[in-house]
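By the count of UniProt numbering, the sequence shown reaches residue 249 at its end, each step adding exactly one. The next block holds one structure in the form of structure tokens; read it before the comments.
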Amino acid sequence: MQASIDASFYSGPSFWGLVNADWKMCSKGQHQSPININPTLLLYDPLLKPLTISKARVSGKLSNTGQFLLFEIEHDSKNDVTISGGPFTTYRYRLSKVIVRVGLKDQTGSEHAIDEEKFSGEVQIYGYNIDLYRNFSDAMKMPNGLAGLSAVIEVSRPFFLKTKYASPFLKDTLVYESGIKVFRVSGDSLSIHYLLPETSQYVTYEGSLTFPGCHESVTWLIMNKPVYINHKDVCKFVQLGIFKNLLFS
């Protein structure tokens, strides 16, 4: 899967806000993501409930945007995955997109940082508010529009590995859409639970999309444990075109 060299989309959010008026929040927003999570500043909220993710498997399309690996979930009544609980107690959110970022070197792939430390990669799962909005595009520009689930990715540590982490993305048919290679992933291949670490602990904050137009409509939930993968999976992601110079890092 080929992609053009991006060089971190030139100079990042400060540049995006200059080149497109619809992206002005990227350079002028007050609640922009990603952030550095400082453990000494965290506050415990006893009212927050456990996160709930429905167990349906999903189908969809996998492509390389030039900045990250994008898996777009295809919705139907049988396979819709919703999230609730946690900071998402008022509304339900339907999962819509999965973004995976992996660096060729350690500490280069993640967007969020913890105590100023970045990690080998990051998986971000986006859902939109189905109680207020019709689709992702409408929701991303509006208050309470999106939910963002995130887990950083660490390479190796054999006792904790998610084995064959990349495999569910690579099982199925390669097709072309508008001249771009797209992998179709069938509904029996990918469970959202598989992409996340096994933990009930998290950090939450109000932020934004981490790609243009940086809309400040995302309630983020950052898992407090990483997903561990092996170097073979990193190589598989690299084969899909996720190179270091295509990542925002």
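A virtual CB, placed ideally from N, CA and C, is assigned to each residue, including glycine.
One alpha carbon belongs to D138, the other to N129, and they sit about 10 Å apart.
Taking 7 Å as the cut-off, the Cβ atoms of Y126 and S96 count as close. If you draw a straight line from the Cα of H193 to the Cα of K24, it comes to about 35 Å.
In this chain, A21 is not harboured by any beta strand (DSSP E), its DSSP state being neither H nor E. The shortest CA-to-CA distance from S59 to any of L209, D80 and L43 is the one to D80. Leaving aside the five residues that flank K141 on each side, the residues in its chain whose CB is nearer than 6 Å to its CB run, in chain order, H215. Note that the C-beta distance between Y91 and D45 is not below 7 Å. Contact check for V203 against I37 passes: the beta carbons are separated by less than 7 Å. Bridge partners of Y93 according to DSSP: I83 and N129. Taking all protein chains in view, the Cβ of K232 is surrounded by fewer than 16 other Cβ atoms within 10 Å, so the residue is classified as exposed. About 16 Å separates the CB atoms of P87 and T199; that is not less than 8 Å, and the two are not in contact. In this structure, the straight-line span from the alpha carbon of F68 to that of V102 is close to 8 Å. With distances taken between CA atoms, E154 lies nearest to G109 out of G109, K49 and G85. L146 sits close to S217, with the two beta carbons spaced by under 7 Å. Counting along the chain, F136 sits inside no beta strand (DSSP E); it lies in the alpha helix (DSSP H) bounded by residues F136 to A139. Note on A21: under 16 other CB atoms within 10 angstroms of its CB, so exposed under the neighbour-count rule. With 16 or more neighbouring CB atoms inside 10 Å of its own CB, E122 falls in the buried class. In the DSSP assignment, G148 falls within the beta strand (DSSP E) that extends over L146 to V155. As computed with DSSP, F71 is found in a beta bridge with L62 and V98. Assigned with DSSP and collapsed to three states, T210 falls in coil, not helix or strand. Here the alpha carbon of N230 sits roughly 28 Å from the alpha carbon of E74.
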